[in-house]
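Step one of this worksheet: look at the structure below.
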Amino acid sequence: MNKIPIIMDTDPGIDDAAAITVALNSPEFDVQLITTMAGNVTVDKTTLNALKLVEFYHKDVPVAKGADKPLLRNYEDSSYIHGESGMGEYEFSPHQRREIDLHAVQAMKEVLEKNSEKVTLVAVGALTNVALLLMEYPELKRKIKELVIMGGSLSSGNVTSAAEFNIYADPHAAKIVFQSGVPIVMAGLDVTLKALLSPKSFETLPSLGRSGTMLHSLFSSYRGGTPDKGLQMHDVCTLFYLLYPEKIKTEDLFVEVATEGPAIGATVADIQRKYHKNPNTKVCVDIDVDFFNQWFLEVVGKIG
Ligand code: RIB
Ligand code: CA
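The opening residue of the sequence shown carries number -14 in this note's numbering; numbering runs sequentially from there.
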């Protein structure tokens, strides 16, 4: 089986931690690099959290620190959702792992250049690093198979009534990315607010070894939903799409990003297909939630 080479651009973040768990422990993926940015918490914390997770799973995957703020806007965190550390109160064992010396964008460039085949970019935080990569090295667009983004929404937002957090955090970067011509899959709130970790799945986690116990602890501090009504697995949807695209309903639409005014950070789609002949985004709009829960528990259970 040919593994899918991926770069994961992330702001751990508790749902990011669940996504990183899947990426690092699914045989279908070859995670060649994890890059971080300021998002849920500061870039120092998201980088520390990424290192904690790579160490926890004993994986030899480089972590490169990226943007410490959005391209133009002021940085706003979402520690109210993920806690001060960004990863709840779980005590990870001390370790010596450090990020590599390269900036995230340089590290991305090197990974794209060294692969003979195209690489899939999984972006589950603000799109600052990705926008910088595409601006500084436009010739590398041809080395990106597709960009699978957790972000945006065809309907309402979760930071404002119009905007989802990842896009709202850096709308100027998002605009650059959606205009880039790179094939985009958008796993926005339309699908991620349906992809809830069920109360039964949450209760099952501690029985799934040290990984399940760790994730249960993280989710116990997570304010993206509740354990009794369902926990929002936003970022995990990107990897689920890569493995089971047939379990996700998508619509090909032209999407652009508002970068000013009260709707700043909104992803606006030409849903009548009236103004743009060629869609630029595959938008995820529905998901097989039961299968998603069963799959997630299976992946965690197999880690041991
Ligand atoms: O809106 C949800 C997104 O914002 C997720 O990526 C979550 O981790 C936060 O970054
Ligand atoms: Ca995230």
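Note that the Cβ used here is the ideal one computed from N, Cα and C, for glycine as well.
Exercise for the section: May I ask which residues mark the beginning and end of the beta strand (DSSP E) holding Gln164? Expected result: Sequence index remark: in the sequence shown, residue 164 carries index 179 (1-based). Gln164 -> no beta strand (DSSP E), and no H or E assigned at all.
Practice task
Taking Gln17 as part of the beta strand (DSSP E), name the residues at either end of that continuous run.
Solution key: The count along the sequence shown starts at 1 and reaches residue 17 at position 32. Per DSSP, Gln17 belongs to the beta strand (DSSP E) from 14 to 21.
Problem - Where the beta strand (DSSP E) through Met171 begins and ends - result: As a position in the sequence shown, residue 171 is number 186, starting the count at 1. Here the beta strand (DSSP E) through Met171 covers 169 to 172.
Handout entry: Own chain partners of Phe150 with C-beta closer than 7 Å, once the 5 adjacent residues on each side are dropped
Key = To locate residue 150, count along the sequence shown from 1; it is residue 165. So the list reads Ser63, Asn143, Val144, once near-sequence residues are dropped.
Practice task
Could you pull out every unbroken alpha helix (DSSP H) segment of at least 4 residues lying fully inside the region 104 to 154, listed in chain order?
Solution key: 113 to 121, 150 to 154
Practice task
Taking 8 Å as the cut-off, decide whether the C-beta atoms of Lys267 and Val170 are in contact.
Solution key: Start at 1 with the first residue of the sequence shown, and residue 267 comes out as number 282. Start at 1 with the first residue of the sequence shown, and residue 170 comes out as number 185. Cβ distance < 8 Å, so Lys267 and Val170 count as in contact.
Practice task
Return the residue from the list Ala251, Cys222, Val162 that minimises the CA-CA distance to Asp273.
Solution key: Within the sequence shown, the letter at position 288 stands for residue 273. Nearest option by C-alpha distance: Cys222.
Practice task
Counting only the same chain and skipping the five closest in sequence on each side, list residues whose C-beta sits under 8 Å from that of Asn100.
Solution key: For this step, residue 100 is matched to residue 115 along the sequence shown. Result list for Asn100: Pro(-10), Gln17, Lys128, in chain order.
Handout entry: Buried/exposed call for Gly110, threshold 16 Cβ in 10 Å
Key = Numbered from its first residue, the sequence shown carries residue 110 at position 125. Flag for Gly110 reads buried.
Practice task
Go through its chain and collect everything with a Cβ distance to Ala116's Cβ below 7 Å, but skip five positions before and after it.
Solution key: Here residue 116 refers to the residue found at position 131 when the sequence shown is read from its first residue. If the five residues before and after Ala116 are omitted, its C-beta is found closer than 7 Å to the C-beta atoms of Leu56, Ala158, Ile161, Val162, all from its own chain and listed in chain order.
Exercise for the section: Measure from the alpha carbon of Ala35 to the alpha carbon of each residue in His80, Leu238, Asp155, then state which is nearest. Expected result: Mapped onto the sequence shown, residue 35 falls at position 50. Of His80, Leu238, Asp155, the residue nearest in Cα terms is His80.
Exercise for the section: Within 10 angstroms of the Cβ of Met22, are there 16 or more other Cβ atoms? Answer buried if so, exposed if not. Expected result: Taking the sequence shown and counting its residues from 1, one reaches residue 22 at position 37. By the neighbour-count rule (16 or more Cβ atoms within 10 Å), Met22 is buried.
Exercise for the section: Pick helix, strand or coil for Val240, following the three-state DSSP scheme. Expected result: Stepping through the sequence shown from its first residue, residue 240 is reached at position 255. Looking at Val240 - three-state DSSP - the assignment turns out to be strand.
Practice task
Consult DSSP for Lys44 and reduce its assignment to one of helix, strand or coil.
Solution key: Locating residue 44 in the sequence shown gives position 59, counting from the first residue. Three-state DSSP puts Lys44 in coil, outside helix and strand.
Handout entry: Three-way DSSP call (helix, strand, coil) for Thr266 in this model
Key = Numbered from 1 along the sequence shown, position 281 holds the residue referred to as residue 266. Note: Thr266 maps to strand in three-state DSSP.
Problem - Cut-off 8 Å between Cβ atoms - residues of its own chain near Phe239, not counting five sequence neighbours on either side - result: Here residue 239 corresponds to residue number 254 of the sequence shown, with the count starting at 1. Hits under 8 Å: Ala254, Asp255, Arg258, Tyr260, His261, Asn263, Pro264, Asn265, Thr266.
Handout entry: DSSP three-state assignment for Met93, whether helix, strand or coil
Key = Translated into positions along the sequence shown, residue 93 becomes position 108. Three-state result, Met93: helix.
Exercise for the section: Tell me, please, whether the region 4 to 16 touches the region 209 to 229 by the rule of three or more beta-carbon pairs shorter than 8 Å. Expected result: yes
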